[in-house]
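There are 2 protein chains.
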Amino acid sequence: MSSYCIATYRSYDEKADFHKKAQGIAVGLTVGSWTDLPEARKAEMEKHLGQVVSVEVHESGADGRYADISIAYPDVNFSADIPALLVTVFGKLSMDGRIRLIDLHFSDSFLGHFQGPKFGIAGVRGLLGVHDRPLLMSIFKSVIGHDVHGLKEQFYQQALGGVDLIKDDEILFENPDTPIGKRVTVCMEAARQANELTGQKLLYAANVTGPTLNLKDQAKRAIDAGANALLFNVLAYGFDMLRELSADPDINVPIMAHPAMAGALYPSPHYGIAASVLLGKLMRLAGADLVLFPSPYGSVVMPKEENMAIKHALLAATDSPAYKAVWTGSGASSAGHAAPSLAESFPVPSAGIHPGLVPLILKDFGGEVVVNAGGGIHGHPLGTAAGGRAFRQAIDAVKAGIGLADYAADRPELNAAIQAWGIRE
Amino acid sequence: MSSYCIATYRSYDEKADFHKKAQGIAVGLTVGSWTDLPEARKAEMEKHLGQVVSVEVHESGADGRYADISIAYPDVNFSADIPALLVTVFGKLSMDGRIRLIDLHFSDSFLGHFQGPKFGIAGVRGLLGVHDRPLLMSIFKSVIGHDVHGLKEQFYQQALGGVDLIKDDEILFENPDTPIGKRVTVCMEAARQANELTGQKLLYAANVTGPTLNLKDQAKRAIDAGANALLFNVLAYGFDMLRELSADPDINVPIMAHPAMAGALYPSPHYGIAASVLLGKLMRLAGADLVLFPSPYGSVVMPKEENMAIKHALLAATDSPAYKAVWTGSGASSAGHAAPSLAESFPVPSAGIHPGLVPLILKDFGGEVVVNAGGGIHGHPLGTAAGGRAFRQAIDAVKAGIGLADYAADRPELNAAIQAWGIRE
């Protein structure tokens with residue numbers, strides 16, 4: 001039996017025959033032509049022919065008349081890598097009018113070629129020794145124009161506040177003032193100093209940048225200097241480069257995927273690729289242990305519905321019915337076979353996060369989430385370390401089932417945060 | 001004196017203070033904060049601070065109120081590679097509301113790190129020995145499900161028609177039936193056979209696909225088997241991977257950039273990256289010798305204005321005033337310095353091309369263009385070889401200053417093409 005990967009598109013057109021359009025895609029992006037072929041040739045080509053799975057026409061959507069069209073592409077047509085899949089299903093088609101790639105479902109055979117996240121949620125928790133609460137991450141306040149002493153001090157203050165992870169800014173590239181090896185060395189020294197006071201472990205995700213074919217060396221230089229995680233601007237290099245980094249046995253630390261450039265692709269209703277595909281499925285498939293994406297709460301906003309779709313793509317356990325629904329679909333997998341296993345990736349909703357949002361974040365994302373803050377930590381009225389503590393207190397409050405306002409009564413850090421930014425529940 | 005790369009955005013907002021927004025971008029994407037800094041620190045940070053170059057507000061555009069905002073980013077802030085530049089100027093910003101990257105101008109210092117196209121237009125013409133007319137390219141009719149004998153026969157018929165270049169389909173990936181080495185061997189054999197009849201040279205661009213870190217090996221395998229050009233799905237791997245391939249001295253053949261996936265990025269008025277940046281400047285900068293993009297004529301359409309912007313980006317000679325205007329801008333270059341030299345890339349407007357369009361293509365693009373056809377060659381009433389000849393006749397007619405209809409009178413191939421598809425002048 002052939003196996004297929006399924007792409008779902010939203011196609012906008014005020015008068016198209018969408019069923020005909022779907023047939024055109026299924027044939028045009030696979031065997032090229034069909035009705036003209038001699039019968040004998042059809043028998044040979046059948047296994048390469050795309051199949052229309054479904055066409056749902058919506059006569060009056062808010063953004064115009066559209067149809068959701070699902071096409072099954074035979075795995076035999078493309079090599080088992082993300083560039084080949086994307087070029088097959090949306091290479092030429094992306095340029096063919098108002099059409100958007102809104103979902104992908106993968107065959108077991110295709111998935112079987114991917115290792116997925118090397119650490120995943122369980123692995124990241126294991127490294128930190130934290131199993132009973134959401135994690136807390138912070139971002140440097142500013143990085144450009146600083147020397148390593150400046151970065152070390154910022155790092156130390158963040159670490160003192162009890163954060164679990166600290167990440168480089170995505171715009172910190174290899175540079176003479178704070179080259180990756182030197183910066184990792186001093187920041188990990190700051191981590192050790194903070195650990196003497198907090199007793200807490202910490203992951204530092206160093207930003208791996210520069211020429212494509214030097215990225216692995218750059219990653220290993222960071223790891224040799226003590227980096228215990230990496231940050232990567234995936235979309236600037238392509239999903240396959242994330243997979244290459246993640247698949248390398250010598251890159252034995254979690255990789256955090258940054259969504260830089262994603263806004264060029266996901267927000268239009270008519271064009272591009274849905275955030276759940278871009279920042280959900282493909283990031284997990286390619287091996288991201290943690291995935292940042294714009295939260296629905298803050299300044300850089302993504303609609304709640306899309307955030308939840310990303311969450312489901314990252315969190316669905318491979319042995320759950322949700323995984324089958326979200327990842328392999330009903331038609332894509334061979335019945336009775338267990339789907340290949342992919343570890344879960346940590347969702348990291350980002351931007352505009354302050355302690356008063358913690359109850360909402362945990363309500364929306366559950367316990368498997370990284371609470372990630374920049375201004376909400378560095379801008380705390382009592383300073384950066386207090387900013388971290390306020391978040392940890394907010395997380396503790398939710399865990400204990402106590403309202404933030406009550407919990408803040410004898411906790412000056414949380415109290416100051418609430419005075420500054422309020423509570424949204 | 002500092003040097004800067006300049007990004008221009010189109011930002012849509014019904015009521016924003018665009019001047020304030022521009023300041024926010026210039027500060028936020030560079031030093032992070034400015035007004036809070038102590039004076040002594042400002043002096044140190046000044047060289048890292050982004051500068052607002054211009055803000056042009058348009059109160060009533062067809063797609064809403066907008067402003068074109070140009071920001072100069074100090075080169076010192078990012079490493080001299082395309083991922084770093086893009087992540088700096090549009091990484092986070094792409095996710096910040098309705099905003100589109102519409103142009104980039106580069107400093108001489110930044111450009112100086114790039115070799116650009118290894119062959120360029122002059123080099124490609126030199127390989128073919130064709131200096132006095134536009135080139136003609138054809139695409140396989142269908143590739144999936146064929147064995148090498150099927151491809152060889154298609155290749156031979158195309159070559160017989162007098163085309164200068166033949167390219168793989170972008171959805172032909174490494175596969176057991178037609179692996180790249182075997183396919184190149186048989187197709188180059190067909191090229192030799194056709195050459196005995198036509199006396200004409202021919203470039204075959206083999207599609208380099210698969211895992212990122214195997215791409216160079218794949219390219220060298222194709223070259224070892226005789227491929228004298230390569231096709232590459234640039235956007236599936238990132239611009240820097242094109243640069244890596246182009247910069248490798250062992251990959252000593254022209255590289256053709258395919259625009260697969262580009263439609264996920266350029267068509268929205270509100271989001272994404274303009275086609276002239278995506279398929280023009282960045283492709284040339286990264287080293288594409290030929291660049292395919294949707295023509296303004298055919299089924300997969302791009303507006304004429306955008307096509308012309310791509311043309312200018314690819315064709316402006318580095319010693320011309322146009323180059324300075326299009327590439328380095330007025331503010332970006334140090335006065336008096338010659339801009340670093342980048343060979344020109346061949347524009348290849350594609351999709352829906354038939355011989356009757358040749359006069360229009362040459363009028364729009366001038367002589368430095370590749371006329372590229374698929375259906376317009378294979379669908380010719382007298383067959384594939386006749387399809388190629390019809391195009392060559394149409395090119396000759398325009399060169400001779402004779403109308404297509406007149407020129408077709410005693411040329412059955414061109415005549416049949418005109419009967420089938422008409423003339424658009």
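These protein sequence lines map, in sequence, to chains A and B.
Be aware that the first sequence starts at 1, since it is given in UniProt numbering, and climbs by one per residue.
Be aware that the second sequence starts at 1, since it is given in UniProt numbering, and climbs by one per residue.
For every residue, glycine included, the Cβ atom is placed at its ideal position computed from N, Cα and C.
Note that the coordinates shown come from a computational prediction; the quantities given were computed from them, not determined experimentally.
Chain-ordered neighbours of residue i on chain A, where CB pairs are closer than 7 Å
| i | result |
| --- | --- |
| Asp81/B | Gly210 and Pro211 |
| Met308/B | Under the 7 Å cutoff, chain A gives no residues; its nearest Cβ is about 17 Å from Met308/B. |
| Ala225/B | Under the 7 Å cutoff, chain A gives no residues; its nearest Cβ is about 18 Å from Ala225/B. |
Where the alpha helix (DSSP H) containing residue i begins and where it ends
| i | result |
| --- | --- |
| Pro412/B | Pro412 to Trp421 |
| Leu361/B | The residue you asked about is not Leu; residue 361/B is Ile in the sequence shown. Val358 to Phe365 is the span of the alpha helix (DSSP H), which, as asked, contains Ile361/B. |
| Ala386/A | Thr384 to Ala400 |
| Leu279/B | Premise fails: Leu279/B is in no alpha helix (DSSP H) and is neither H nor E. |
| Val186/A | Ile180 to Thr198 |
| Val370/A | From DSSP, Val370/A is part of no alpha helix (DSSP H) but of the beta strand (DSSP E) over Val370 to Ala373. |
| Leu314/A | Lys304 to Leu315 |
| Arg424/B | Arg424/B -> no alpha helix (DSSP H), and no H or E assigned at all. |
| Tyr271/B | From DSSP, Tyr271/B is part of no alpha helix (DSSP H); its letter is neither H nor E. |
| Tyr407/B | Leu404 to Tyr407 |
| Glu44/A | Glu39 to Met45 |
| Phe78/B | Run containing Phe78/B: none; DSSP gives neither H nor E here. |
| Val301/A | Element bounds for Val301/A: n/a, residue is neither H nor E. |
| Ser21/B | The sequence shown places Lys at residue 21/B, not Ser. Residues Phe18 to Gly28. |
Enclosing beta strand (DSSP E) for residue i [first to last residue]
| i | result |
| --- | --- |
| Gly61/A | Gln51 to Gly61 |
| Leu292/A | Leu290 to Pro294 |
| Asp68/A | Gly64 to Pro74 |
| Val348/B | Phe346 to Ser350 |
| Ala7/B | Tyr4 to Tyr12 |
| Ala206/A | Leu203 to Val208 |
Any non-hydrogen atom of the ligand ZN closer than 8 Å to residue i Cβ
| i | result |
| --- | --- |
| Leu290/A | What this structure holds is no ligand at all, so the ligand ZN is not there to describe. |
Chain A residues whose Cβ lies nearer than 8 Å to that of residue i
| i | result |
| --- | --- |
| Glu170/B | Val87, Gly91 and Lys92 |
| Gly366/B | In chain order: nothing, as chain A lies at least about 24 Å away. |
| Gly272/B | Ala264, Leu265, Ser268, Tyr271 and Gly272 |
Contact set between residue i and chain A, taken where Cβ atoms lie within less than 9 Å
| i | result |
| --- | --- |
| Asn195/B | Residues of chain A passing the Cβ test: none, with the nearest at roughly 27 Å. |
| Asn77/B | Ile144, Gly145, Ile171, Phe173 and Asn175 |
| Ala394/B | Per Cβ cutoff of 9 Å: no residues; Ala394/B is ~25 Å from chain A at best. |
Contacts of residue i in chain B (Cβ-Cβ under 7 Å)
| i | result |
| --- | --- |
| Phe114/A | Under the 7 Å cutoff, chain B gives no residues; its nearest Cβ is about 12 Å from Phe114/A. |
| Ala84/A | Phe173 and Thr209 |
Interface residues of chain B facing residue i [CB-CB closer than 8 Å]
| i | result |
| --- | --- |
| Leu29/A | Ile171 |
| Pro259/A | Met95 |
CB contact check: residue i to chain E, cutoff 9 Å
| i | result |
| --- | --- |
| Pro349/B | No chain E appears in this structure, whose protein chains are A and B. |
Give the residues from the stretch 33-52 of chain A that approach chain B closer than 7 Å (Cβ to any Cβ), ordered along the chain. Identification of residues in the stretch 33-52 of chain A having a C-beta nearer than 7 Å to some C-beta of chain B yields Ser33, Glu44, Met45 and His48, given in sequence order.
Give the residues from the stretch 277-295 of chain A that approach chain B closer than 8 Å (Cβ to any Cβ), ordered along the chain. Close to chain B, meaning a Cβ-Cβ distance shorter than 8 Å, are the following residues of the stretch 277-295 of chain A: Pro294.
Could you tell me whether the stretch 186-206 of chain B touches the stretch 396-409 of chain B, where touching means 3 or more Cβ pairs closer than 8 Å? The stretch 186-206 of chain B, when compared against the stretch 396-409 of chain B, does not touch it at the 8 Å Cβ threshold.
Alpha helix (DSSP H) segments (min. 4 residues) lying fully within the stretch 89-173 of chain B: Counting only runs that start and end inside the stretch 89-173 of chain B, the alpha helix (DSSP H) elements of at least 4 residues fall at 108-111, 120-128 and 148-160.
To be precise: take each residue of the stretch 127-156 of chain A, compare its Cβ to all Cβ atoms of chain B, and keep it if any distance is under 7 Å. Which residues remain? Listed in sequence order: Lys141, Ser142, Ile144 and Gly145.
Output, in sequence order along the chain, the residues in the stretch 2-15 of chain A whose CB is closer than 7 Å to any CB in chain B. When C-beta distances to chain B are compared with 7 Å, every residue of the stretch 2-15 of chain A stays at or above that value.
Is it a yes or a no for the stretch 264-276 of chain A touching the stretch 72-79 of chain A, going by three-plus beta-carbon pairs under 8 Å? Judged by Cβ distances under 8 Å, the stretch 264-276 of chain A makes no contact with the stretch 72-79 of chain A, as fewer than three pairs qualify.
Does the stretch 16-33 of chain B touch the stretch 55-63 of chain B, meaning 3 or more C-beta pairs lie closer than 8 Å? They touch, by the three-pair rule.
Is the stretch 373-381 of chain B touching the stretch 303-315 of chain B, taking contact as three or more C-beta pairs under 8 Å? Output reads no: the stretch 303-315 of chain B does not touch the stretch 373-381 of chain B.
Assess contact between the stretch 123-130 of chain A and the stretch 192-212 of chain A, defined as three or more Cβ pairs (one per stretch) separated by less than 8 Å. Is contact present? Yes, the stretch 123-130 of chain A touches the stretch 192-212 of chain A.
Which residue spans inside the stretch 225-269 of chain B form an unbroken beta strand (DSSP E) run of at least 3? Taken in chain order, the complete beta strand (DSSP E) segments of 3 residues or longer contained in the stretch 225-269 of chain B are 229-233 and 255-258.
Pairing CB atoms from the stretch 227-241 of chain A with CB atoms from the stretch 92-107 of chain A, are three or more of them under 8 Å? No contact exists between the stretch 227-241 of chain A and the stretch 92-107 of chain A.
Any chance the stretch 291-300 of chain B sits against the stretch 349-360 of chain B, with 3 or more Cβ pairs inside 8 Å? Judged by Cβ distances under 8 Å, the stretch 291-300 of chain B makes contact with the stretch 349-360 of chain B, as three or more pairs qualify.
Report the residues of the stretch 175-204 of chain A with a CB closer than 8 Å to any CB of chain B, ordered along the chain. Residues passing the 8 Å Cβ filter: Asn175.
For the stretch 234-246 of chain A, which residues have a CB atom closer than 7 Å to at least one CB atom of chain B, in sequence order? Listed by position, the residues of the stretch 234-246 of chain A near chain B (Cβ gap below 7 Å) are Ala236, Tyr237, Gly238, Asp240, Met241 and Glu244.
Sufficient close CB pairs (3 or more, under 8 Å) joining the stretch 205-224 of chain B to the stretch 245-257 of chain B: In short, these stretches touch, since the Cβ pair count reaches three.
At least three beta-carbon pairs within less than 8 Å, the stretch 216-227 of chain B to the stretch 257-265 of chain B: Result no; under three Cβ-Cβ pairs closer than 8 Å.
Between the stretch 158-170 of chain A and the stretch 137-148 of chain A, are three or more C-beta pairs nearer than 8 Å? Using a Cβ-Cβ distance cut-off of 8 Å, the stretch 158-170 of chain A and the stretch 137-148 of chain A are in contact, since at least three pairs of beta carbons, one from each stretch, lie closer than that value.
The stretch 366-375 of chain A touching the stretch 107-119 of chain A, judged by at least three CB pairs closer than 8 Å: No, they do not touch.
Taking contact to mean 3 or more Cβ pairs, one atom from each stretch, closer than 8 Å, check whether the stretch 339-347 of chain A and the stretch 277-294 of chain A are in contact. Contact holds: three or more Cβ-Cβ distances are below 8 Å.
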